[in-house]
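Here is the structure we will look at, set down as structure tokens.
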Amino acid sequence: MNEISNVIIFNGSKQEFDKLLPEPDSYKTLTELAYQFDNESKNLKLVVANNNGEYPKEEPPEKIDVENFVIGSSEYAGVNEHVITNFISFLSKFNIDNLYIQNPPKLLEDQIIRLFPNAEQQKQEYKKLELEHLKEINNNYDDIILGQKSVKSELLQALFPLTIEKRQKPVVLLFYGKSGIGKTETAKYISKVLDEPIFRKQFSMYQNTQFATYLFGGTHQESSFAKDLLDRESNVLLLDEFDKANPVFHSAFYQLFDEGIYEDRNYSLHLSRSIIICTSNYTDLADIKENLGGAIYSRFDKIIKFSDLSMDVKEQIGEKEYEKFSKEFDYKLPNEIHERMKKAYSQCDNVRQLQHLVENTLSLTIINDKLKK
Numbered sequence: 145m146n147e148i149s150n151v152i153i154f155n156g157s158k159q160e161f162d163k164l165l166p167e168p169d170s171y172k173t174l175t176e177l178a179y180q181f182d183n184e185s186k187n188l189k190l191v192v193a194n195n196n197g198e199y200p201k202e203e204p205p206e207k208i209d210v211e212n213f214v215i216g217s218s219e220y221a222g223v224n225e226h227v228i229t230n231f232i233s234f235l236s237k238f239n240i241d242n243l244y245i246q247n248p249p250k251l252l253e254d255q256i257i258r259l260f261p262n263a264e265q266q267k268q269e270y271k272k273l274e275l276e277h278l279k280e281i282n283n284n285y286d287d288i289i290l291g292q293k294s295v296k297s298e299l300l301q302a303l304f305p306l307t308i309e310k311r312q313k314p315v316v317l318l319f320y321g322k323s324g325i326g327k328t329e330t331a332k333y334i335s336k337v338l339d340e341p342i343f344r345k346q347f348s349m350y351q352n353t354q355f356a357t358y359l360f361g362g363t364h365q366e367s368s369f370a371k372d373l374l375d376r377e378s379n380v381l382l383l384d385e386f387d388k389a390n391p392v393f394h395s396a397f398y399q400l401f402d403e404g405i406y407e408d409r410n411y412s413l414h415l416s417r418s419i420i421i422c423t424s425n426y427t428d429l430a431d432i433k434e435n436l437g438g439a440i441y442s443r444f445d446k447i448i449k450f451s452d453l454s455m456d457v458k459e460q461i462g463e464k465e466y467e468k469f470s471k472e473f474d475y476k477l478p479n480e481i482h483e484r485m486k487k488a489y490s491q492c493d494n495v496r497q498l499q500h501l502v503e504n505t506l507s508l509t510i511i512n513d514k515l516k517k
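Numbering-wise, our numbering comes out as the position in the sequence shown, counting from 1, plus 144.
In structure tokens, the structure reads:
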């Protein structure tokens, strides 16, 4: 194999990986080279013996010249398993100058490191939580998330350790309370303050057999939690409806919550200074502890309750949504209908119901007006 002059192994998001790469028209991807090599391997060669019945000595196949070889994280699922397990053999088919690899599986990374011990390893640097971020949350939280004044002080207290330089392990929080009263929006707001898109996983979407493969790893063609973590663009993680996961899977999170380390059969990673937020729709701490179990319950750094919405808060949210939707629809409700809608706010339990009430009231009123004309 020729000596590759530049080998870069990068752990992080596609957005940051792309910044390391040459112009797209100057490199080949794993998908392209695997397809090209497979096609050339299928070509049949007719070998004819000479007059003495001897066959000519077979020349080794000519290697394909590749200036820049780029392997993106999404490509491992699109190639045959043998390309990953015998990656060095696959590399030997090409003359490569520069190799760029994003989030390689352990099996592939081990092969690369053995062959190229001087490979450059880079990791994405995520935004660090600073005191200025906490000041912003303190100043603006009550205007963004209505009706949860008690949450703010607990949240600031829980996040403060991440502003200390020596702190490396994640902060792990559990937000609990009824659906639609600000838990998910609070997580999104923290992400917005840090100016990074939130990493969100909805645990209620996974069935048990599917979830086992997702958490502990399957083939390289299958999605996995570890790979998604490596691909993330943010250090704010939202594990929505965490309580919906079967307790038998909680052991997968012990080391992640304790040390920021997560490992499955294909990938290994270390989260540093992350904010991990789990949500639960339980309204009672005793129910949470009973259903989650003491082992995972004790690993939360802070458990924060989100209170039911008061009548005053429901009206504030309803009027805020009305202002937003009336601008969007360019329409103001007649006073009588507006007052009836305001009285109906009391029948709503959460923000989503208030949003639906306002939008549906506006839509019905507008369409009735238009049909009369």
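Glycine is no exception: its CB is placed at the ideal position from the N, C-alpha and C atoms.
- Ranked by how close their Cα comes to the Cα of valine 223, the residues Thr173, Glu253, Tyr244, Phe238 have Thr173 in first place.
- For histidine 364, the secondary structure class from DSSP, reduced to helix, strand or coil, is coil.
- In this structure, DSSP gives leucine 400 a helical state, which the three-state scheme calls helix.
- Close CB contacts of phenylalanine 161 within its chain, under the 6 Å cut and outside five residues either way in sequence, are with Phe154, Gln246 (chain order).
- Sequence-distant partners of histidine 277 (beyond 5 residues in either direction) whose C-beta falls short of 7 Å from its own C-beta, in its chain, are Val337, Leu338.
- The beta carbon of phenylalanine 234 is closer than 7 Å to those of Val227 in its chain, skipping five residues each way along the sequence.
- Residue pairing for tyrosine 406: DSSP places it in a beta bridge opposite Leu413.
- Note that the region 379–397 does not touch the region 240–257; fewer than 3 beta-carbon pairs, one per stretch, sit closer than 8 Å.
- Out of Arg484, Gly437, Leu501, the CA that lies nearest to the CA of isoleucine 461 is found in Leu501.
- Residue environment: aspartate 287 is assigned as exposed (fewer than 16 neighbouring CB atoms within 10 Å of its CB, all protein chains considered).
- Cβ-Cβ separation between phenylalanine 450 and lysine 293: approximately 11 Å, too far for a contact (criterion under 8 Å).
- In this structure, the beta-carbon distance from asparagine 212 to tyrosine 270 does not fall below 9 Å.
- Per the C-alpha coordinates, the member of Leu400, Cys492, Lys514 positioned closest to aspartate 452 is Cys492.
- Taken in chain order, the unbroken stretches of beta strand (DSSP E) that lie wholly in the region 192–279 and span 3 residues or more are 208–215, 238–246, 264–267.
- When C-alpha distances from tyrosine 426 are compared across Leu515, Ser236, Asp384, His364, the shortest belongs to Asp384.
- Taking 9 Å as the cut-off, the beta carbon of isoleucine 440 is found no closer than this to the beta carbon of tyrosine 475.
- No Cβ-Cβ contact shorter than 9 Å links isoleucine 432 with alanine 302.
- In this model, glutamate 264 and isoleucine 148 are separated by some 12 Å (Cα to Cα).
- Within the model, the alpha-carbon separation for histidine 364 versus lysine 250 is close to 11 Å.
- In the DSSP assignment, glutamine 312 falls outside any beta strand (DSSP E), carrying neither H nor E.
- Per DSSP, reduced to three states, the secondary structure at lysine 516 is helical.
- Contact annotation, glutamate 465 with leucine 498: C-beta distance approximately 6 Å; criterion of less than 8 Å satisfied.
- Here the C-alpha atom of isoleucine 405 lies approximately 36 Å from the C-alpha atom of valine 495.
- Collapsing the DSSP output to three states places serine 378 in coil.
- Threonine 175 sits in a helix when the DSSP states are folded into three classes.
- The shortest CA-to-CA distance from lysine 158 to any of Glu198, Gly291, Asp375 is the one to Asp375.
- Contact between isoleucine 342 and serine 335 holds, with the beta-carbon distance rounding to 4 Å and staying under 8 Å.
- It is roughly 52 Å from the alpha-carbon of leucine 164 to the alpha-carbon of tyrosine 489.
- Comparing alpha carbon positions, the residue from Ile152, Ala356, Val315 closest to phenylalanine 260 is Ile152.
- Asp372 is the residue among Ser395, Pro168, Asp372 whose C-alpha sits nearest the C-alpha of glycine 156.
- The straight-line gap separating the alpha-carbon atoms of threonine 307 and isoleucine 420 is approximately 15 Å.
- Three or more pairs of CB atoms, one per stretch, sit closer than 8 Å, so the region 408–420 contacts the region 309–324.
- Excluding five sequence positions before and after tyrosine 285, the CB atoms of its chain that fall closer than 6 Å to its own CB belong to Lys296, given in chain order.
- Bounds of the beta strand (DSSP E) holding serine 424 are 419–424.
- Residues Lys446, Ile448 of the same chain have their beta carbon placed closer than 8 Å to that of glutamate 298, with the five preceding and five following residues left out of the count.
- The beta carbons of alanine 221 and serine 412 sit no closer together than 9 Å.
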